[in-house]
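Structure, as structure tokens:
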Amino acid sequence: MSPVEMNLEARFEAYVAEDKKIEPKDWMPDAYRKTLIRQISQHAHSEIVGMLPEGNWITRAPSLKRKAILLAKVQDEAGHGLYLYSACETLGVSRDEVLNDLHSGKAKYSSIFNYPTLNWADIGAVGWLVDGAAIMNQVPLCKCSYGPYARAMVRVCKEESFHQRQGFQIMLTMAEGTPDQKAMAQDALNRWWWPALMMFGPSDADSPHSAQSMKWNIKRFSNDELRQKFVDMTVPQAELLGLTVPDPDLRWNEARGHYDFGPIDWEEFFQVIQGNGPCNKERLDARRTAHERGAWVRDAAAAHAKKSAARRANTSETHAA
Amino acid sequence: MSSHEWPLWEIFVRSRQGLGHKHVGSLHAADAEMAISNARDVYTRRQEGVSIWVVPAAAITASSPDDKDALFDPANDKVYRHPTFYQLPDEVNHM
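Quick note, the sequences are listed as chains A and B, same order.
So the first sequence is numbered by my numbering: it starts at 124 and just counts up by one.
So the second sequence is numbered by my numbering: it starts at 52 and just counts up by one.
In structure tokens, the structure reads:
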């Protein structure tokens, strides 16, 4: 490393230590840039792929009101993906590169979206648990050291709160409905609980990038801390619904002031990440197909833009003459 | 697959009459018209704006972070540009 670079690195470290923001044109270590590109692009991909399990129920929503709400939510997810892709591009990668990495399977997205939405209760459980866990992860990111990411997260968090509330309301309606409806709500909780806990990522001991990300102020809380916060917040909500969290080891620990909960099946988590979840292939195929089928639209719009620019140039020349 | 990426546009939104346009983010679009309509969908889904500017990102010239000291430090020692620099008698201190 040259003396100039050492100086820059020292200045960067000092900046981050003082909790100041790094902006796109500021000098930053390559590893910081790489970490952010990986994290922000995966976050964006999660928003985009996350539209698929919910989009599955738009045409079958039980009422026009629920359908309008679900449409608005799915449209928000697309918006969140776009805020994040543009934050990612400020780090010097192109949109095409980032999308190619998703479509080739090189880039990951949140493993939760590789589970299927089997019935309407799942839309409630996804909003309540999956968006609830996402908010828990995302709120601290509003203060992350990279300016464009932090600003995108502020917008995302503002919008995400409606997602969780509408999900809980679906669960509440079903839990207060017929015994069959309540059983559906319970079944959805049974299937989504553990995958939702896995959303916080591996245990701190098995999370190799965590320490560095904490040092860089990209991450503010450890995976296990956030997971515990989520459990503590969600268990009383399940009680309010009159539903049972599917964990025989779950109990309030007076001494710790937290809920104790049972062991997570990390084997399942790593299987899903490696591509062996119930819907990995379906999700990726759907993304690729949508991208390929949209190619002619992208080309046509580009051709149209080129033509009208040429026409405008022509007209102004004629006027000038 | 499309080989030419649509250009990048920076988006500015006036949140209400009386305020300036503020940078909110960026997006890709084939031309200015499409940039406006995409910006409406991406950045104003909750009545965040009454007016949108779209600017080709390539058309923006920005100052370099390396010049920060040279550009902005000279203002540092000119405290007399601020009203608090002037100690006045209590009788006129609301001036």
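Every residue, glycine too, gets a C-beta built ideally from N, C-alpha and C.
B:P107 (DSSP reduced to helix, strand or coil) = strand
Backbone secondary structure at A:W180 - three-state DSSP | coil
Is the CB-CB distance between A:V277 and A:C265 below 8 Å?
-> yes
For B:K73: DSSP bridge partner residues | B:V64
Between the Cα of A:H285 and the Cα atoms of B:R97, B:L122, B:D128, B:V75, which residue gives the shortest distance?
-> Note that residue 285 of chain A is Phe in the sequence shown here, rather than His. When each option's Cα is compared against that of A:F285, the closest is B:R97.
To the nearest angstrom, how far is it from the Cα of A:C267 to the Cα of A:S164?
-> 15 Å
Near A:A275, what residues of its chain come up, given a Cβ to Cβ distance below 7 Å and the 5 sequence neighbours on each side ignored?
-> Y206, L207, A210
Own chain, CB closer than 8 Å to B:S77, minus 5 neighbours either side, in chain order = L59, W60, E61, I62, A108
Within 10 angstroms of its Cβ, does B:Y131 collect 16 or more other Cβ (buried), or is it exposed?
-> The residue in question, B:Y131, is exposed, as its Cβ has fewer than 16 Cβ neighbours within 10 Å.
Presumed contact (8 Å Cβ cut-off) between A:A256 and A:M294, rounded CB distance = In fact, because the Cβ distance is near 15 Å, the residues do not count as touching under 8 Å.
So, does the CB of B:V93 fall closer than 8 Å to a CB anywhere in chain A?
-> Output row for B:V93: interface = yes.
Could you check where the alpha helix (DSSP H) with A:R416 kicks off and where it finishes?
-> Boundaries of the alpha helix (DSSP H) harbouring A:R416: 403-416, taken from the DSSP string.
For B:R67 and chain C, any beta-carbon pair shorter than 8 Å?
-> Protein chains in the displayed structure are A and B, and chain C is not among them.
C-alpha distance - B:G69 paired with A:C280, whole-angstrom precision | 27 Å
Within-8 Å CB hit, A:K148 to chain B = yes
Answer with yes or no whether the minimum CB distance from B:E56 to chain A is below 8 Å.
-> yes
The segment 218-236 of chain A: which residues have C-beta closer than 7 Å to a C-beta of chain B, in chain order?
-> R218, D219
Beta-carbon neighbours of A:Q198, restricted to chain B and to distances below 9 Å | Listed by position along chain B, the residues whose Cβ is nearer than 9 Å to that of A:Q198 are D92, R96.
Per DSSP, which one or two residues make a beta bridge with A:N376?
-> Beta-bridge pairing links A:N376 to A:H381.
B:S77 CB to nearest chain A CB: under 8 Å?
-> yes
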